[in-house]
Amino acid sequence: MNRLLDPDLTRPSQNGVYFVGDTDLARLAANATRDELAVCRTDLAGCRDKAALLQRLAASLALPADFGHNWDALADCLRDLGWLPAWGHVLLFEHTGELQRGADRDYDVLLGILDDAATFAQEADRPFFAFLALPADMPATIPATH
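Residue 18 in the working numbering is what sits at position 30 of the sequence shown, and the numbering runs on without skipping anything.
Written as structure tokens, this is what we have:
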């Protein structure tokens, strides 16, 4: 996981998972739109478990109808993203601190899946960025597996 102030969203070499402040999301969305990348926003307000997280991701990413609502299915979908026609993808997560506080293990699994998807896209020379907005008083934790 990494944290840069302003990654170039057109460069797959900068793909990754970034922790940002709530106020950064609008600028990142505007930059991604300018660069003709698909932008998907997921609001995690009140999200405190895996089932709620997967349900919100299914809705915000318009996941295929056969999405299996499990971690493996999410990982597979984030590697493909073919139903979201664009040359690259930017995922914006609002209120991420609520998931981190309420379901720390699920939060860590999500970070790992997002990181793997970013690496997969980088190998395919396709932009993929995930920006997780955290409150200023909350540290950005890294999963133990990374």
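Cβ atoms here follow ideal geometry from the backbone N, Cα and C, with glycine treated the same way.
All figures in this text were calculated on a predicted structure; none of them were measured in a lab.
Check, Outcome
"Integer Cβ distance of L32 from H77, believed to fall under 8 Å", "Their Cβ separation, rounded to whole angstroms, is 18 Å, which puts L32 and H77 out of contact at 8 Å."
"Beta-carbon spacing of D104, P0 below 8 Å", "no"
"Among A40, A61, F55, A14, nearest to C28 - alpha-carbon criterion", "A14"
"Nearest neighbour of C65, chosen from W75, L45, A74, F81 [CA to CA]", "L45"
"Buried versus exposed, by CB contacts within 10 Å (16 or more), A91", "buried"
"Secondary structure of T11, DSSP reduced to three states", "coil"
"T21 burial status per 10 Å Cβ neighbour count (16 or more: buried)", "exposed"
"Where G4 falls: helix, strand or coil (DSSP)", "strand"
"Nearest residue (CA-CA) to L(-3), options L122, P123, Q110", "Q110"
"Strand pairing of R29, partner residues [DSSP]", "L80"
"Environment of P(-5) [buried if 16+ CB atoms lie within 10 Å]", "buried"
"Length of the line joining the Cα atoms of N(-10) and A53", "With a pLDDT of only 40 at N(-10), under the threshold of 50, the placement of this residue in the model should not be trusted; the figure read from the coordinates follows. Looking at the two C-alpha atoms, the distance is approximately 32 Å."
"A74 and E24 closer than 8 Å at C-beta", "yes"
"Proximity of D94 and K38 at Cβ, strictly below 8 Å", "yes"
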